[in-house]
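Engineer:
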Amino acid sequence: MRHALPERKELSTGAADPDLTDAGHRQAELLAEYLGDEPITFVYTSPLRRAVQTAAPLARRLGLAAVVVDDIAEFDRHASSYIPIEELKASGDPRFHDLSSDIWAGDDPDERVGAAIDRLIDTHPGETIVVVCHGGVINTVLATVLGIDHAGPGFFYPNYTSIHRVAASRSGIRSIVTINETSHLRNTGLPMGLFQKG
1 MRHALPERKE LSTGAADPDL TDAGHRQAEL LAEYLGDEPI TFVYTSPLRR AVQTAAPLAR
61 RLGLAAVVVD DIAEFDRHAS SYIPIEELKA SGDPRFHDLS SDIWAGDDPD ERVGAAIDRL
121 IDTHPGETIV VVCHGGVINT VLATVLGIDH AGPGFFYPNY TSIHRVAASR SGIRSIVTIN
181 ETSHLRNTGL PMGLFQKG
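Residue numbering for the sequence shown is 1 to 198, as defined by my numbering.
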């Protein structure tokens, strides 16, 4: 699943790594309520604050510790700024064009993300796990399942706290169950992302 709404943060040096906004914390709480009765055995999270803070309410509700997996961090994890993409688009910021033109600076996550997800599948046969991560990571995983060659940051836009369910076997078979599931945000008035509000 994708993290909740983070703060805008711009630094002159160092990694931005923003916290969640108040709306983001509420999104994470609603997500925990929505998934709290499912038979989830493990919660994994990217090391970035926005993912860790999104995972925390669900892990707490389930009585689990959220385990950090470095290899599911977003491709721009070391960037000195983080501006929610909907803000970039609304303000006409040229960085929005950079994203949609596939020239955003960052690492290529395909190999490290694929290997990390494969390790988690091998570790949890017959279990339901949650992986709290980022839009680029979700795009990488789903593009692999669909057999899509996607260059750049992504082929679709995952909403904040969206759930993307994939059934996976250790033999390598992957099946998409849902994409961009956000029922927990319906009628809340909370932001969902680039195209929708709850």
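Just so it is clear, CB atoms sit at the ideal spot from N, CA and C, and this is done for glycine as well. Just so you know, these numbers come straight off a predicted model, no measurement behind them.
Mind the definition here: the stretch 107-124 touches the stretch 66-74 only if three or more C-beta pairs lie below 8 Å; say whether that holds.
Structural biologist: Segments in contact, yes.
Engineer: Report yes or no: do the stretch 30-45 and the stretch 76-94 share at least 3 C-beta pairs separated by less than 8 Å?
Structural biologist: As far as the Cβ criterion goes, the stretch 30-45 does not touch the stretch 76-94, which means the pair count is below three.
Engineer: Note down the Cα distance separating residue 260 from residue 148, rounded to an integer number of angstroms.
Structural biologist: With the chain covering only 1 through 198, there is no way to say anything about residue 260.
Engineer: In the structure shown, what three-state DSSP assignment does residue 2 receive?
Structural biologist: Strand.
Engineer: Tell me whether the stretch 185-193 and the stretch 24-31 touch, counting them as touching only if at least three CB pairs, one residue from each stretch, are closer than 8 Å.
Structural biologist: Verdict: yes, contact present.
Engineer: Quick one: what does DSSP say residue 187 is sitting in, helix, strand or coil?
Structural biologist: Correct three-state label for residue 187: coil.
Engineer: Counting only runs of 4+ residues fully inside the stretch 118-151, write out the alpha helix (DSSP H) ranges in chain order.
Structural biologist: You should have 135-146.
Engineer: Which same chain residues, not among the five before or five after residue 49, have their C-beta less than 6 Å away from its C-beta?
Structural biologist: So the qualifying residues of the chain are 17 and 19.
Engineer: Assuming residue 139 contacts residue 196 under a Cβ cut-off of 8 Å, what Cβ separation, rounded to an integer in Å, is found between them?
Structural biologist: That belief does not hold up - the Cβ atoms of residue 139 and residue 196 are roughly 18 Å apart, past 8 Å.
Engineer: Under 9 Å between the Cβ atoms of residue 132 and residue 176?
Structural biologist: In this structure, residue 176 does not lie closer than 9 Å to residue 132 by Cβ.
Engineer: For residue 60 and residue 12, what's the separation of their Cα atoms in angstroms?
Structural biologist: C-alpha separation (whole angstroms): 35 Å.
Engineer: By DSSP, does residue 160 sit in helix, in strand, or in coil?
Structural biologist: Here residue 160 sits in coil by DSSP.
Engineer: Keeping to the same chain, check which residues put their C-beta closer than 8 Å to that of residue 174; ignore five residues upstream and five downstream.
Structural biologist: 144, 145, 166, 167 and 168.
Engineer: Go ahead and label residue 90 buried or exposed: buried means 16 or more other beta carbons lie within 10 angstroms of its beta carbon, across all protein chains shown.
Structural biologist: The residue is exposed, with fewer than 16 neighbouring Cβ atoms inside 10 Å.
Engineer: Where does residue 65 land, buried or exposed, given buried means 16+ other C-beta within 10 angstroms?
Structural biologist: When all chains shown are included, residue 65 counts as exposed.
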